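For any residue, its number in this note's numbering is found by taking its place in the sequence shown, counting from 1, and adding 382.
Virtual Cβ for every residue (Gly too), placed ideally from N, Cα, C.
None of the values given here were measured: they were computed from a predicted structure.
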Amino acid sequence: MAITRKNIQPEALAAPSRSGHTLYSHVVSVEGRRLIFVAGQLARDRAGNVVGKGDMRAQIRQVGENIKAALAAAGASLADIVKTNTFVTDMDEYFRHVDVRMEYFGPALPTSTTVEVRRLAHPDFLVEIEAVAMTG
């Protein structure tokens with residue numbers, strides 16, 4: 383069986399670009415036994431604006447929605463997630479909002495790594511989550 387790779391930039395997500403250069407793919411879909419890799423998602427709306435400045439709960443929800451949109455663009459769903467990596471600026475605050483995380487990732491019960499970091503790509507971001515999903 384041939385394996386093919388498709389990079390996807392969903393219309394529902396802000397374009398990851400700077401100075402006219404695309405910085406990364408929001409989604410990489412690998413055909414065969416399809417693996418789908420979703421780049422770390424931040425709390426940005428479709429226009430690239432920060433959602434939930436200072437509000438980790440709102441940011442977790444926006445990140446979940448971004449991952450859901452990215453997976454849908456690749457023909458997958460949240461239930462197909464097999465691995466998440468989460469980066470947070472405050473571990474204690476993050477764990478106050480596990481219920482929101484579970485709304486998005488609970489049904490799949492993926493493997494998960496969560497790490498506290500000093501800062502993300504911009505000081506207004508409090509959480510970033512990347513995901514790997516498998517279908518077919």
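Inclusion of valine 509 and alanine 451 in the CB contact set at 8 Å is not warranted, their separation being larger than that value.
Alanine 421 sits close to histidine 408, with the two beta carbons spaced by under 8 Å.
The three-state reading of DSSP puts glutamate 393 in coil, since its state is none of H, G, I, E or B. Under the three-state reduction of DSSP output, valine 432 falls in the strand class. Shown here for alanine 461: same chain residues with a beta carbon closer than 6 Å to its own, the five before and five after excluded, namely Pro489, Ala490 in chain order. Separation of tyrosine 406 and glutamine 391 (C-alpha to C-alpha, rounded to the nearest whole angstrom) is 9 Å. DSSP lists no beta-bridge partner residue for glutamine 444. The Cβ-Cβ distance between threonine 468 and threonine 493 does not fall below 8 Å. Exclusion of the five residues before and after tyrosine 486 leaves Gly446, Leu460 as the residues of its chain whose Cβ lies within less than 6 Å of its Cβ.
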